[in-house]
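A short worksheet on the structure shown next.
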Amino acid sequence: MRRLTLSILFGLSVLGGCAARLAAQDDQEAAAQRAAIRYTEVPRKVLAFYYPWYHNPAVPGGSKLRMSWENVDQQAKSIGNSTHYPALGPYDAHDPKLIAQHAAWSKTAGVDGWIVSWWGRGHETDRVMERILDACQKAGLEATIYYETVPGPRNGRSAAKDLLYVLDRYGKHPAWLRVDKKPVLFIYGRPIGEIGLSGWLEAIAEVNRQYPEKAVFMGDQLSTAAARIFDGIHTYNPVGMLSGKTLDQARAWAKKTYPGWVKTADAQGRISTITVIPGYDDTKIRKPGLSADRMDGALYHAEWEEAIAADPHWVLVTSWNEWYEGSEIEPSAEFGQKYLDLTGQYAARFKGKPRAVRPNDGAPRKGGR
Numbered sequence: 013m014r015r016l017t018l019s020i021l022f023g024l025s026v027l028g029g030c031a032a033r034l035a036a037q038d039d040q041e042a043a044a045q046r047a048a049i050r051y052t053e054v055p056r057k058v059l060a061f062y063y064p065w066y067h068n069p070a071v072p073g074g075s076k077l078r079m080s081w082e083n084v085d086q087q088a089k090s091i092g093n094s095t096h097y098p099a100l101g102p103y104d105a106h107d108p109k110l111i112a113q114h115a116a117w118s119k120t121a122g123v124d125g126w127i128v129s130w131w132g133r134g135h136e137t138d139r140v141m142e143r144i145l146d147a148c149q150k151a152g153l154e155a156t157i158y159y160e161t162v163p164g165p166r167n168g169r170s171a172a173k174d175l176l177y178v179l180d181r182y183g184k185h186p187a188w189l190r191v192d193k194k195p196v197l198f199i200y201g202r203p204i205g206e207i208g209l210s211g212w213l214e215a216i217a218e219v220n221r222q223y224p225e226k227a228v229f230m231g232d233q234l235s236t237a238a239a240r241i242f243d244g245i246h247t248y249n250p251v252g253m254l255s256g257k258t259l260d261q262a263r264a265w266a267k268k269t270y271p272g273w274v275k276t277a278d279a280q281g282r283i284s285t286i287t288v289i290p291g292y293d294d295t296k297i298r299k300p301g302l303s304a305d306r307m308d309g310a311l312y313h314a315e316w317e318e319a320i321a322a323d324p325h326w327v328l329v330t331s332w333n334e335w336y337e338g339s340e341i342e343p344s345a346e347f348g349q350k351y352l353d354l355t356g357q358y359a360a361r362f363k364g365k366p367r368a369v370r371p372n373d374g375a376p377r378k379g380g381r
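Taken in order, the sequence shown gives residues 13 to 381; the numbers are from my numbering.
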């Protein structure tokens, strides 16, 4: 009996060792496939982070979303949990007319598409996605999701299952953001932290194995390690590095930092991005909170100037409508259309300038243009 038990344990250990070696081999093969990718002719784009979670119960047919406007005073134009007051008032984000207006404004401001916050299958942000895509198609915009969290059990397979659902349901929509005819997916820093880069290596390999058109993954981590796994890298919000700085200090920081972000992506042949913010103030919803003064548009101006000089593939705007954090460029009672106008001016300059040739542009490439 003891010999039988030992034999069984030995057999299990051998099987475990074989499984571990096979998993390591799979990781090596996946890493090698990622290393072969080169993107050299990615069209210039300006994309804005978009939030479809606002709820106004007074809107007929409005969905009861997770986020509501609190302590609204329409006469004083103030909202308890919003830094500024929307020009359209405390709206319901599922209202088709509201989405259409956002799309029309975005087009006028030179924004090419939205990165839409998405919290999982069946969530309110999922249920409105097709409506957003239809509105974007009519306005001549593109859209993709911002993948916010991995469901349990948190591993690469769970992430892949979620994203395959998104691709199967929405990926063939004419308005879906694409590079080389492949649908693009943006991954926020939270889900990267939840399963690590190794988990995302597994998830990306699984999605590309099961989805015939494959996909383009944009990870929220500005590191060489992330650039080796994702098709492109970005950061959602640089406010932590801008808070408390004077205008001159903010410009100096951007002038020094932005080229490094682009270089990190270019060195791996990946899609490069720069994120700009008009300002930020979350002190109504967090204590003590964080803020970066808009300086009457001067901060946004300085960031855009340095972003254009850094010469990325894409410029990302945080945000179209994150009202709780005061980073919106959507028209407001306080600023009118000031930040739409500024975005339009700089978007035209950025997209009118051809991208400089990079050392990797002549390298062998797979999956990139």
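Virtual Cβ for every residue (Gly too), placed ideally from N, Cα, C. These numbers come from a predicted model, not from an experiment.
For residue i, which of helix, strand or coil comes out of DSSP?
i    : result
G364 : coil
L59  : strand
E317 : helix
Y103 : coil
E154 : strand
G309 : helix
H67  : strand
V251 : helix
D124 : coil
L234 : coil
G183 : coil
P98  : strand
G301 : coil
W130 : strand
Y351 : helix
V191 : strand
S339 : coil
V178 : helix
D243 : coil
D294 : coil
Y159 : strand
Q149 : helix
V228 : strand
D323 : coil
Where residue i and residue j are concerned, what is the direct C-alpha to C-alpha distance, given to the nearest angstrom?
i    : j    : result
I241 : R181 : 25 Å
W326 : P290 : 17 Å
A112 : A147 : 6 Å
K194 : D243 : 11 Å
A237 : Y158 : 21 Å
P366 : A88  : 46 Å
G374 : R282 : Confidence at G374 is low in this model, with a pLDDT of 43, below 50, so its placement is unreliable and the value that follows should be read with caution. Cα to Cα, the separation comes out at about 13 Å.
K57  : A70  : 36 Å
I245 : G208 : 15 Å
S90  : S235 : 40 Å
N167 : Q40  : 18 Å
Q45  : D85  : 55 Å
K171 : L179 : Before going on, a small fix: residue 171 reads as Ala here, not Lys. Taking the straight line from one Cα to the other gives about 12 Å.
K296 : R133 : 30 Å
K275 : E342 : 31 Å
I216 : G164 : 18 Å
H313 : L354 : 8 Å
Y62  : H135 : 16 Å
P203 : G183 : 20 Å
V128 : R190 : 15 Å
R263 : W126 : 26 Å
A277 : N83  : 44 Å
Output the boundary residues of the alpha helix (DSSP H) element that contains residue i.
i    : result
T137 : E136 to R139
P195 : Taken as a continuous stretch (DSSP letters only), P195 belongs to no alpha helix (DSSP H), being part of the beta strand (DSSP E) at K194 to I199.
W117 : P108 to T120
V274 : L259 to D278
Round the Cβ separation of residue i and residue j to the nearest angstrom and send it over; I've been treating them as touching at under 8 Å.
i    : j    : result
A99  : A304 : At roughly 22 Å, the Cβ-Cβ gap does not stay under 8 Å, so A99 and A304 are not in contact.
K119 : G152 : 6 Å
Y223 : L176 : 6 Å
V369 : V123 : About 27 Å separates the two Cβ atoms, so there is no contact after all.
W81  : P102 : 4 Å
G338 : Y292 : 6 Å
I286 : W265 : Contact doesn't hold; Cβ gap of about 13 Å is too wide.
Over the uninterrupted beta strand (DSSP E) stretch that includes residue i, give me the two end residues.
i    : result
W326 : W326 to V329
T285 : T285 to V288
Establish whether the CB of residue i and some CB of chain B are separated by less than 8 Å.
i   : result
Y51 : Here chain B cannot be found, since the structure has a single protein chain.
Take every Cβ of the stretch 103 to 121, pair it with every Cβ of the stretch 309 to 320, and state whether three or more of those distances are shorter than 8 Å.
no
Inter-stretch contact at 8 Å, needing at least 3 Cβ pairs: the stretch 146 to 160 / the stretch 355 to 364
no
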